[in-house]
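2 protein chains.
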Amino acid sequence: MPTLDDLDTPALVLDRAKVAANAARLKTHLATLGVPLRLHVKTAKCAEVAALVLGGEKAPITVSTLKEAEQFFDAGYRDILYAVGFERHKLARAQALAKRGARLTLLVDSAEAAQGITGFPVLIEIDTDGHRAGVKPDDGKTLIAIAQALEKAGCTAAGVLTHAGGSYNSASIAEIEAVAEQERSGAVAAAQALRRAGFAAPVVSIGSTPTAHFARTLEGVTEVRAGVFVFFDLVMAGIDVCRTEDLALSVLATVIGHRADKGWILVDAGWMAMSRDRGTARQRVDQGYGVVCDLDGAPIQDLVVTEANQEHGIVARRGGGKPPELPVGTRLRVLPNHACATGAQHDRYHVVEGARDVLASWPRFGGW
Amino acid sequence: MPTLDDLDTPALVLDRAKVAANAARLKTHLATLGVPLRLHVKTAKCAEVAALVLGGEKAPITVSTLKEAEQFFDAGYRDILYAVGFERHKLARAQALAKRGARLTLLVDSAEAAQGITGFPVLIEIDTDGHRAGVKPDDGKTLIAIAQALEKAGCTAAGVLTHAGGSYNSASIAEIEAVAEQERSGAVAAAQALRRAGFAAPVVSIGSTPTAHFARTLEGVTEVRAGVFVFFDLVMAGIDVCRTEDLALSVLATVIGHRADKGWILVDAGWMAMSRDRGTARQRVDQGYGVVCDLDGAPIQDLVVTEANQEHGIVARRGGGKPPELPVGTRLRVLPNHACATGAQHDRYHVVEGARDVLASWPRFGGW
């Protein structure tokens with residue numbers, strides 16, 4: 031059996047025991063609140079990870095691209111929500127998937143976009159925190175106009191969807207709880223406005239990893255979407271949604287040199303392996319391009335990837351100072367800022383379970 | 031023939047006429063200075079692009095990964111320089127490629143790294159601007175110790191290599207010219223120190239896209255490496271190495287919605303399509319995640335991608351204000367900050383030549 035010592039570097043390492051624990055945590059919380067999870071597969075883009083999280087059940091999923099919808103349909107999933115504003119250039123491809131048997135739900139946030147679609151259940155996107163797309167929850171007039179446009183175009187106004195992406199910038203758990211309640215109440219109010227106007231609007235779909243974990247009530251909500259929780263990352267740890275030890279993903283790297291004069295250790299994981307995501311730059315602790323751990327996944331005190339070129343990472347102590355002795359050839363693991371972005375730089379997961387043995391290689395796909 | 035109106039979005043578009051013009055410009059400059067180009071293939075990772083740049087000649091190339099070396103060997107290239115500090119975990123794979131007939135040159139910057147390698151010509155990395163790895167040009171003692179370690183290990187101390195990556199931060203052409211001369215003179219001095227100590231050290235390899243274009247003399251230099259010039263990007267335009275109209279790469283996107291209250295246009299190209307690279311953030315003009323153009327590639331006044339989620343881009347006027355009317359379904363092209371990073375998010379180039387007809391689809395590879 032290969033171990034982390036044998037792999038070519040850089041390489042993406044996945045601890046499946048941590049994925050299982052992260053999945054159990056969220057599913058337990060949502061079960062307590064009585065609302066099902068609609069897993070977002072955009073983080074992992076891997077059928078094996080989805081199977082692990084969902085216990086093998088072909089449960090409802092969320093996708094961010096039609097390619098994800100097609101790949102997961104081929105893996106046996108049928109109830110698929112495409113949670114990005116739909117535009118008619120993509121209609122033929124969506125129809126082809128529906129014809130094969132997918133129960134595909136689409137999303138719009140304007141009557142203009144609704145006019146191009148026919149034959150699908152469609153959710154209306156609600157903006158509960160001002161960070162991206164969507165109709166304001168109290169803008170009943172626009173909501174009803176969109177629902178009317180949908181039904182006129184031959185679609186079903188199936189309900190509402192919101193994503194509290196602003197929760198990623200929360201400063202405390204109390205703040206996440208408040209954002210979660212704003213997300214829930216806004217979505218429910220929008221659905222009620224549609225129902226008062228005579229639309230069935232059965233679906234109230236909400237979710238983001240922070241709010242999903244800290245919502246205190248989900249009254250009126252019919253499903254929760256979340257994705258990054260399967261791996262967690264430094265951005266999530268930085269706002270206390272998880273602990274650093276919950277991070278399931280890391281990039282295996284090898285020391286290729288030193289600059290003693292600068293306190294630098296050079297490794298063969300640059301931005302191509304880590305991604306250019308600097309999500310912790312605006313947090314309390316800036317983790318550079320990632321936290322450096324030993325081969326067993328334990329962080330090495332204060333060591334981060336401070337700079338990255340395409341295939342070079344510069345490792346140094348946060349705040350400066352002499353780094354520990356790590357000879358050329360030493361293997362390290364780097365925890366990522368953003369699991370979705372780092373994962374996307376790789377085509378497979380090297381699967382471990384708490385130890386160095388590589389138990390499996392799980393493919394992941396990219397593209398559109 | 032498909033056109034840019036027919037492609038699924040987001041999609042990577044390459045104007046091959048611009049690649050040809052960019053290649054001609056650099057090759058003409060280097061021919062004037064009498065030094066050959068050793069094309070860096072890490073930007074394009076595509077045999078068709080290399081063939082276009084090199085006029086079909088299987089000329090010497092530079093790679094940043096062993097996978098690039100293997101892929102380009104399979105495409106017929108034989109003289110391959112792996113320009114990242116080598117470490118012995120990669121030896122078996124390098125030896126396998128050499129056994130198949132590759133003339134593979136490796137790189138180290140310490141006697142420690144040299145000890146792990148045998149049977150290859152190896153360059154010593156020189157640091158001429160303090161931005162990454164390498165030995166100081168005037169540190170003859172270390173240079174000679176590395177050369178001795180190489181020859182003891184059964185390698186050839188083939189010369190020196192430097193990369194003036196610091197030139198990316200230049201504030202003027204005059205500054206680039208100065209960095210270029212520092213790069214040249216440092217590399218030549220290091221080679222001379224080795225020669226005085228009895229090593230043949232025939233190779234003096236230098237290069238970065240900015241310095242390659244503005245070097246006034248390359249006396250003593252035997253080859254110039256450059257990669258990003260094949261496409262150019264907003265970072266290069268931001269330091270006047272090229273004009274915006276020279277950019278050969280763009281991401282095709284479709285308008286999916288609007289937020290009139292915020293002055294936003296939403297498109298289906300987020301960071302997954304553009305990369306997280308924000309290289310212009312520290313330049314005079316911050317271009318966000320990219321400059322927004324019409325379908326013919328002409329920039330739309332002041333419009334940039336100001337924010338990006340995984341599959342959403344938020345387009346707004348730089349500095350605020352009402353954006354132009356771009357209905358849902360409008361197709362746009364976004365120029366990238368960093369061609370290497372944006373290219374890496376895609377698996378193919380949709381090739382055009384000044385117009386909307388898609389003339390070819392060229393695959394590009396990723397991974398290690």
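The listed protein sequences correspond, in order, to chains A and B. Be aware that the first sequence starts at 31, since it is given in the working numbering, and climbs by one per residue. Be aware that the second sequence starts at 31, since it is given in the working numbering, and climbs by one per residue. A virtual CB, placed ideally from N, CA and C, is assigned to each residue, including glycine.
I'd like to check one pair, residue j with residue i: are the Cβ atoms closer than 8 Å?
i	j	result
residue 372(B)	residue 285(B)	no
residue 133(B)	residue 108(B)	yes
residue 236(B)	residue 213(B)	yes
residue 251(B)	residue 189(B)	no
residue 164(A)	residue 117(A)	no
residue 176(A)	residue 217(A)	no
residue 260(B)	residue 52(B)	yes
residue 224(A)	residue 174(A)	yes
residue 62(B)	residue 370(B)	no
residue 185(B)	residue 148(B)	yes
residue 240(B)	residue 202(B)	no
residue 204(A)	residue 56(A)	no
residue 60(A)	residue 254(A)	yes
residue 306(A)	residue 306(B)	yes
residue 96(A)	residue 123(A)	yes
residue 71(A)	residue 98(A)	yes
residue 94(A)	residue 249(B)	no
residue 183(B)	residue 229(B)	no
residue 167(B)	residue 219(B)	yes
Is the Cβ of residue i closer than 8 Å to any Cβ of chain B?
i	result
residue 302(A)	yes
residue 123(A)	yes
residue 80(A)	no
residue 114(A)	yes
residue 377(A)	yes
Under 7 Å from any heavy atom of the ligand SAM, does the C-beta of residue i make it?
i	result
residue 92(B)	Ligands in the displayed structure: none, and consequently the ligand SAM is not present.
8 Å is my cut-off, CB to CB: does residue i come that close to chain A?
i	result
residue 119(B)	yes
residue 305(B)	yes
residue 354(B)	no
residue 143(B)	yes
residue 202(B)	no
residue 57(B)	no
residue 19(B)	Because residue 19(B) is not part of the residues shown, which for chain B are 31 to 398, the question remains open.
residue 146(B)	yes
residue 398(B)	yes
residue 195(B)	yes
Shortest alpha-carbon distance to residue i belongs to which of the options?
i	options	result
residue 113(A)	387(A), 345(A), 148(A), 153(A)	153(A)
residue 278(B)	262(B), 136(B), 36(B), 90(B)	262(B)
residue 139(A)	388(B), 54(B), 287(B)	287(B)
residue 243(A)	274(A), 97(A), 207(A), 219(A)	207(A)
residue 347(B)	181(B), 161(B), 36(B), 322(B)	322(B)
residue 300(A)	317(A), 281(A), 162(A)	281(A)
residue 295(B)	355(B), 341(B), 226(B), 104(B)	355(B)
residue 83(B)	54(B), 98(B), 104(B), 101(B)	54(B)
residue 88(A)	169(A), 129(A), 75(A), 103(A)	103(A)
residue 151(B)	181(B), 169(B), 142(B)	181(B)
residue 312(A)	200(A), 386(A), 332(A), 187(A)	200(A)
residue 215(A)	387(A), 245(A), 329(A), 302(A)	245(A)
residue 268(B)	302(B), 316(B), 292(B)	316(B)
I think residue i touches residue j, with their Cβ atoms under 8 Å apart; what is that distance to the nearest whole Å?
i	j	result
residue 39(A)	residue 298(A)	5 Å
residue 19(A)	residue 309(A)	The first residue shown for chain A is 31 and the last is 398, placing residue 19(A) beyond what the model contains.
residue 320(A)	residue 364(A)	4 Å
residue 335(A)	residue 304(A)	7 Å
residue 92(A)	residue 121(A)	So it is not a contact: roughly 20 Å between Cβ atoms.
residue 159(A)	residue 105(A)	In fact, because the Cβ distance is near 33 Å, the residues do not count as touching under 8 Å.
Practice prompt. Using a Cβ-Cβ cut-off of less than 9 Å, give me the residues of the stretch 276 to 297 of chain B that come near chain A, in sequence order.
Written response: 284, 285, 286, 287, 288, 289, 291, 292, 294, 296
Item to complete: With 9 Å as the limit, tell me which residues of the stretch 317 to 348 of chain B have their beta carbon closer than that to any beta carbon of chain A; keep them in chain order.
Response: 337, 339, 340, 341, 342, 344
Item to complete: Could you list the residues in the stretch 160 to 193 of chain B with a C-beta less than 7 Å from some C-beta on chain A, going in chain order?
Response: 162, 163
Worksheet item: According to a CB-to-CB cut-off of less than 8 Å, which residues of the stretch 248 to 276 of chain A neighbour chain B?
Response: none
Worksheet entry | Contacting positions in the stretch 359 to 373 of chain B - beta carbon closer than 7 Å to chain A | 359, 370, 371
Practice prompt. Compile a chain-ordered list of the residues in the stretch 70 to 100 of chain B whose CB is closer than 8 Å to at least one CB of chain A.
Written response: 72, 94, 95, 96
Discussion item. Counting only Cβ-Cβ distances shorter than 7 Å, please list the residues of the stretch 128 to 143 of chain A near chain B, keeping chain order.
Written reply: 139, 140, 142, 143
Worksheet item: Any residues in the stretch 38 to 55 of chain A with a beta carbon nearer than 9 Å to a beta carbon of chain B? Which ones, in chain order?
Response: 38, 39, 40, 41
Practice prompt. Mind checking the stretch 225 to 247 of chain B against chain A and listing, in chain order, the residues whose C-beta falls within less than 9 Å of any C-beta there?
Written response: none
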